[in-house]
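Student: In my numbering, the protein residues as written are 48 to 505.
Where is the CB? At the ideal position from N, CA and C, for every residue including glycine.
Got a structure here, written out as structure tokens. Questions coming.
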């Protein structure tokens, strides 16, 4: 955070200052990660009240607290009516630095990967601060804004949502100058009921851009072009096959992917990632960089050096067996993208898809799972292992698509699947592990890794 006096914090939050008027550069809402001299904001959670942890925060070195009632403590206090609202107001104040550009990123899939790509290219020219982990909700966005310090020139803010109006609320705090929509998929169909409603919810980001703002949108996503057509901002559309910037040529290599763009820029780029969907994500980063004046050689350098946030299409070898780890989250669209990576691998052994359940699909649940199975069959996956009751429909889809029933296995739990895989897997196999976050497939990977070597494999 920029250096801010307690008296200024009291002013912007409508609070009352008690104690010393000192400067703060750190804000925390969690005593487990609180740094010495930080300002602790006591929030009300679903199960816990942060006010209960005020003494603990002081004991751990907090130099001040934002609270809804005064405490008998020897540190600075700012007493406000609503600590969550105060956090938002402080975040907005910290965001309002002259010359600071803020980029908002939303979409059904690829938000975090796109954030990582945008950060990689922009840091070649600017001092960049971006969303950490999955801090993309009503609490995470203010905390991201409060990470901007005196030197931050560009802020990258990932924005998640579960319903209409939520992106709009996040934008009231983040005030983005550039808005990126990665795609419109099936995530949150359970709540929003249709892809058109998902597109409308995501388009709230574009509606909140200033008149001189720039929208960077996957134009191949359903409904989105029509919905944003009358929003008076500069728009760039990107996509796999069409748009202001699109993929002219694509090749998957052992250490990443190489692609040539067409449209407003015809250049070759290398990305140490896998899957054409990541090349499409990179188009959003390229357009953002061009908008902010980053030269093409620096864009190429940034993309070639990108490091992704964990559990997103990560390749790891266990001996000579290749594991594709992609289990941060899952939807039919991201499942299909991961299956294409599996099908395109150069490994000479069997191609095995281990797929778990997808959540929040609503009425699309059965159809979505079956569609994934049909794609697995169409792409020529050798063996399909499904995990969890809902994932049984993936197997049914694969059967309907022509996969032999002898090549399909279903297990109720990942523990059962792990026991089977330890006896089934062979050297040179390529294995895709993909499921929604709640299935905790990292535990399945750990089972495979431990068991593989204990069985005498190399």
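Quick one: what's got a C-beta closer than 7 Å to residue 172's C-beta in the same chain, skipping five residues either side?
Tutor: In the chain shown, the residue the question calls residue 172 occupies position 125. Here the set comprises 341 and 345.
Student: Which same chain residues, not among the five before or five after residue 313, have their C-beta less than 8 Å away from its C-beta?
Tutor: Counting from 1 along the chain shown, the entry for residue 313 is found at position 266. Cβ within range, chain order: 295 and 307.
Student: Are residue 126 and residue 86 touching if we call contact CB-CB under 8 Å?
Tutor: Indexing the chain shown from 1 puts residue 126 at position 79. Indexing the chain shown from 1 puts residue 86 at position 39. Not in contact: residue 126 and residue 86 (Cβ atoms no closer than 8 Å).
Student: Can you name the residues that DSSP bridges to residue 307?
Tutor: Along the chain shown, read from residue 1 onward, the residue named residue 307 stands at position 260. According to DSSP, residue 307 bridges with 296 and 315.
Student: On the criterion of 16 or more Cβ atoms from any shown chain inside 10 Å, does residue 219 qualify as buried, or is it exposed?
Tutor: Along the chain shown, one-based indexing puts residue 219 at 172. When all chains shown are included, residue 219 counts as exposed.
Student: For the alpha helix (DSSP H) that contains residue 140, what are its first and last residues?
Tutor: As a first step, residue 140 is located in the chain shown; it is residue number 93 there, counting from the start. Note, residue 140: alpha helix (DSSP H), 130-142.
Student: From the DSSP output, which residues share a beta bridge with residue 104?
Tutor: Position 57 of the chain shown, counted from the first residue, corresponds to residue 104. The partner list for residue 104 (beta bridge, DSSP) is empty, contrary to what the question assumes.
Student: For the alpha helix (DSSP H) holding residue 323, just list the boundary residues, first then last.
Tutor: As a first step, residue 323 is located in the chain shown; it is residue number 276 there, counting from the start. Segment 323-338, the alpha helix (DSSP H) holding residue 323.
Student: Measure the CB-CB distance between residue 53 and residue 88 and report whether it falls below 8 Å.
Tutor: Start at 1 with the first residue of the chain shown, and residue 53 comes out as number 6. Start at 1 with the first residue of the chain shown, and residue 88 comes out as number 41. No. Outside cutoff.
Student: Taking residue 398 as part of the alpha helix (DSSP H), name the residues at either end of that continuous run.
Tutor: For this step, residue 398 is matched to residue 351 along the chain shown. Careful: residue 398 lies outside any alpha helix (DSSP H), inside the beta strand (DSSP E) at 398-402.
Student: I'd like to check one pair, residue 228 with residue 506: are the Cβ atoms closer than 8 Å?
Tutor: Any property of residue 506 remains undetermined from this structure, which presents the chain solely from 48 to 505.
Student: Would you call the CB atoms of residue 318 and residue 304 closer than 8 Å?
Tutor: Residue 318 sits at position 271 when you count from the first residue of the chain shown. Residue 304 sits at position 257 when you count from the first residue of the chain shown. Cβ distance < 8 Å, so residue 318 and residue 304 count as in contact.
Student: Pick out the complete beta strand (DSSP E) segments inside the stretch 462-489, 3 residues or longer, and give them in chain order.
Tutor: Runs found: 477-481.
Student: Is the CB-CB distance between residue 438 and residue 402 below 8 Å?
Tutor: Here residue 438 refers to the residue found at position 391 when the chain shown is read from its first residue. Here residue 402 refers to the residue found at position 355 when the chain shown is read from its first residue. Cβ atoms of residue 438 and residue 402: closer than 8 Å.
Student: Taking just the CA atoms, how far does residue 251 sit from residue 57?
Tutor: Here the question's residue 57 lines up with position 10 in the chain shown. Here the question's residue 251 lines up with position 204 in the chain shown. One C-alpha to the other measures close to 31 Å.
Student: DSSP beta-bridge partners for residue 363?
Tutor: Here the question's residue 363 lines up with position 316 in the chain shown. The partner list for residue 363 (beta bridge, DSSP) reads 370.
Student: So, helix, strand or coil for residue 282, using DSSP?
Tutor: Here residue 282 refers to the residue found at position 235 of the chain shown. Residue 282: strand per DSSP, three-state reduction.
Student: With a cut-off of 8 Å on the beta carbons, I'd call residue 362 and residue 371 a contact; round off their distance for me.
Tutor: To locate residue 362, count along the chain shown from 1; it is residue 315. To locate residue 371, count along the chain shown from 1; it is residue 324. Yes, residue 362 and residue 371 are in contact; Cβ-Cβ is about 6 Å, under 8 Å.
Student: Would residue 122 be called buried (16 or more neighbouring beta carbons within 10 Å of its own) or exposed?
Tutor: Residue numbering aside, residue 122 sits at position 75 when the chain shown is read from its first letter. When all chains shown are included, residue 122 counts as buried.
Student: May I ask you to list the residues that DSSP assigns as paired with residue 192?
Tutor: Position 145 of the chain shown, counted from the first residue, corresponds to residue 192. Its beta-bridge partners do not exist; DSSP assigns none.
Student: Is residue 266 near residue 290, with beta carbons less than 8 Å apart?
Tutor: Here residue 266 refers to the residue found at position 219 when the chain shown is read from its first residue. Here residue 290 refers to the residue found at position 243 when the chain shown is read from its first residue. Yes, the pair counts as a contact, with Cβ atoms nearer than the cut-off.
Student: So, does the stretch 210-226 touch the stretch 172-181, judging by three or more C-beta pairs under 8 Å?
Tutor: Too few Cβ pairs lie closer than 8 Å, so no.
Student: Nearest to residue 426 by CA position, among 492, 198, 382 and 298, is which residue?
Tutor: Here residue 426 is taken as the residue at index 379 of the chain shown, counted from 1. Answer by Cα proximity: 382.
Student: So residue 219 is in the alpha helix (DSSP H); what residue range does that whole segment cover?
Tutor: Residue numbering aside, residue 219 sits at position 172 when the chain shown is read from its first letter. 213-221 is the extent of the alpha helix (DSSP H) around residue 219.
Student: In this structure, how does DSSP classify residue 148 when only helix, strand and coil are distinguished?
Tutor: For the purposes of this step, residue 148 is taken as residue 101 along the chain shown, with counting starting at 1. Looking at residue 148 - three-state DSSP - the assignment turns out to be strand.
Student: Please list the terminal residues of the continuous alpha helix (DSSP H) segment that includes residue 457.
Tutor: Translated into positions along the chain shown, residue 457 becomes position 410. First-last for residue 457: 455-458, but that is the beta strand (DSSP E), not the alpha helix (DSSP H).
Student: Please state whether the Cβ-Cβ distance between residue 104 and residue 80 is less than 8 Å.
Tutor: Along the chain shown, read from residue 1 onward, the residue named residue 104 stands at position 57. Along the chain shown, read from residue 1 onward, the residue named residue 80 stands at position 33. Their beta carbons are not under 8 Å apart, which means residue 104 does not touch residue 80 by this criterion.
Student: What residue range is occupied by the uninterrupted alpha helix (DSSP H) comprising residue 441?
Tutor: In the chain shown, the residue the question calls residue 441 occupies position 394. Element bounds for residue 441: 439-447.
Student: Near residue 269, which residues of its chain fall below 8 Å by C-beta distance, leaving aside the five closest residues on each side in sequence?
Tutor: Indexing the chain shown from 1 puts residue 269 at position 222. Taken in chain order, the residues that qualify are 231, 242, 243 and 246.
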